[in-house]
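All letters in the sequence shown, in the order written, are residues 28 to 437 by my numbering.
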Amino acid sequence: MINTVRPARVGMSAERLERIGGWMDSYVDSGKLPGCMTLVARHGQVAYLDSRGMADEEAGRPIAPDDIFRIYSMSKPIVSAAAMALYEEGLFQLDDPVARYLPEFGDGQLWLDGEGADMKTEPVGDAMQVWHLMTHTSGLVYGNREDGAVGAAYRAAGVDFSGSRNVGTLEEMTKRLAAMPLRWRPGTRWEYSVSTDALGRFIEAVAGAPLDEVLRTRIFEPLGMNDTYFQLPAEKADRLTSLFTKQADGSRTETDPASAESSWVKPVTLFSGGGGLVSTASDYLKFCEMLRGLGAYEGTRVLGRKTAEYMMRNHLPGNADLTSMGQPVFSETAYDGIGFSLAGSVVIDAAKAKALCSEGEFAWGGVASTGFWVDRAEGIVAIFMTQLMPSSSYPIRRELRSLVYQAITE
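Have a look at this one:
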């Protein structure tokens with residue numbers, strides 16, 4: 028149950044917030060989205076919560092506040108927060124070589140030229156450090172999105188974390204990953220990648236426990252996130268929403284059902300830190316409010332204040348943005364004026380970003396068009412839930428930013 032307050036109590040206009048409803052109507056009524064939900068909180072109180080459309084079109088079940096969504100890459104900030112909790116205990120340093128904990132990364136090779144049997148590489152040794160994994164500057168890539176020789180090598184070797192929920196283990200897949208050439212020398216380029224999946228395996232090695240257990244004990248249980256899982260319990264399957272993929276002609280095709288037949292209800296052996304979780308708007312609000320509270324939520328401290336603050340600052344060398352350091356591949360954010368922290372994107376130049384935002388705003392999203400941001404300057408947390416792949420289908424996140432910020436009156 029999510030309690031709401033009158034928007035005026037938190038310095039927002041109810042009339043202006045209602046524009047979000049019309050915006051959601053336009054997406055659902057046109058058939059672009061099956062259904063969606065928007066939550067806007069300010070100063071820790073929910074000022075807007077509404078939904079449109081269907082959670083399960085075939086069954087005629089509308090979206091409900093406690094519905095469960097596949098959050099994909101919105102898993103990444105949670106995994107990074109768990110890593111920082113271990114960091115606080117002195118279990119590793121951010122500039123430690125990854126190979127110190129995962130020896131399979133000790134003989135890294137950097138791609139130079141060619142592909143397949145003709146590929147040329149050179150040794151980079153243990154140059155990859157922990158912070159490189161957290162900032163996507165590790166030299167790793169997404170094999171299903173990188174169309175060069177390195178991506179081809181990933182595909183040939185079957186390196187796929189998100190598509191292998193019950194094929195092998197995280198340890199096995201990470202060892203397969205470590206045998207791949209790096210696309211970039213660590214620390215020199217930003218490229219969205221399987222880095223957080225490797226970070227998940229790093230967490231297992233450091234903590235001496237499976238990733239699902241670490242997230243449960245370090246994040247989910249302390250924050251009361253009772254509906255966030257790698258494997259959704261069958262008794263909660265009736266709250267799952269259908270997953271769709273946009274086709275070339277603009278139509279939608281269901282690719283995972285809203286039922287116990289979903290692959291997200293089946294047993295999981297490979298815990299993907301990069302995109303393996305399901306969650307609710309209510310659960311993710313708790314995580315976001317912990318970030319806004321710099322590590323604390325309703326009296327429970329998950330991270331120290333300084334740790335949370337440090338985690339959410341830009342960590343790209345020279346305070347660079349993604350335009351100057353990034354690669355033109357799929358991502359969950361725009362590039363101009365946006366840097367990258369140890370857990371997600373961060374606005375470093377609001378004017379350059381060309382969207383209503385605040386400098387220091389922390390955000391990320393998932394491939395099924397979900398998204399969130401935390402703006403500590405304005406006290407804002409916004410969460411958008413839907414289930415349409417890919418997230419590049421429509422400019423949902425930029426549009427929602429305008430709709431949320433224009434409703435601030437005080």
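We put the beta carbon where it would ideally sit given N, CA and C, even for glycine.
Residue i versus the options, residue with shortest Cα-Cα distance
| i | options | result |
| --- | --- | --- |
| residue 165 | 369, 179 and 428 | 369 |
| residue 281 | 122, 84, 257 and 64 | 84 |
| residue 291 | 308, 263 and 313 | 263 |
| residue 179 | 162, 192, 163 and 204 | 204 |
| residue 175 | 67, 199, 142 and 309 | 142 |
| residue 371 | 136, 363, 336 and 389 | 389 |
| residue 160 | 146, 266, 144 and 228 | 228 |
| residue 387 | 325, 397 and 364 | 364 |
| residue 118 | 232, 373, 287 and 39 | 232 |
| residue 219 | 81, 435 and 366 | 366 |
| residue 345 | 132, 435, 214 and 247 | 214 |
| residue 431 | 34, 257 and 343 | 34 |
| residue 120 | 261, 434 and 230 | 230 |
| residue 192 | 130, 181, 302 and 226 | 302 |
Backbone secondary structure at residue i - three-state DSSP
| i | result |
| --- | --- |
| residue 137 | strand |
| residue 437 | coil |
| residue 95 | strand |
| residue 352 | helix |
| residue 123 | coil |
| residue 130 | helix |
| residue 421 | coil |
| residue 217 | strand |
| residue 337 | helix |
| residue 261 | helix |
| residue 169 | coil |
| residue 297 | coil |
| residue 429 | helix |
| residue 118 | coil |
| residue 175 | coil |
| residue 212 | coil |
| residue 327 | strand |
| residue 189 | coil |
| residue 8 | Outside the displayed range of the chain (28 to 437) lies residue 8, so it cannot be described from this structure. |
| residue 345 | helix |
| residue 49 | helix |
| residue 251 | coil |
Cβ pair residue i, residue j closer than 8 Å
| i | j | result |
| --- | --- | --- |
| residue 95 | residue 254 | yes |
| residue 188 | residue 151 | no |
| residue 314 | residue 252 | yes |
| residue 184 | residue 207 | yes |
| residue 427 | residue 409 | yes |
| residue 327 | residue 250 | yes |
| residue 415 | residue 60 | yes |
| residue 439 | residue 312 | Missing from the structure shown is residue 439; the chain here goes from 28 to 437 and no further. |
| residue 297 | residue 167 | no |
| residue 74 | residue 125 | no |
| residue 395 | residue 270 | yes |
| residue 158 | residue 209 | no |
Cross-strand partners of residue i (DSSP beta bridge)
| i | result |
| --- | --- |
| residue 409 | 67 and 400 |
| residue 147 | 140 |
| residue 20 | Since the first residue shown for the chain is 28 and the last is 437, residue 20 is missing from the structure and cannot be characterised. |
| residue 364 | Per DSSP, none; premise fails for residue 364. |
| residue 89 | 81 |
| residue 271 | 281 and 415 |
| residue 31 | 73 |
| residue 241 | DSSP output for residue 241 lists no bridge partner at all. |
| residue 373 | 366 and 389 |
| residue 39 | 435 |
| residue 62 | 80 |
| residue 305 | 97 and 256 |
Rounded Cβ spacing between residue i and residue j (contact assumed at less than 8 Å)
| i | j | result |
| --- | --- | --- |
| residue 300 | residue 100 | With a Cβ gap of about 10 Å, residue 300 and residue 100 do not count as contacting. |
| residue 383 | residue 217 | Their Cβ separation, rounded to whole angstroms, is 24 Å, which puts residue 383 and residue 217 out of contact at 8 Å. |
| residue 115 | residue 334 | 6 Å |
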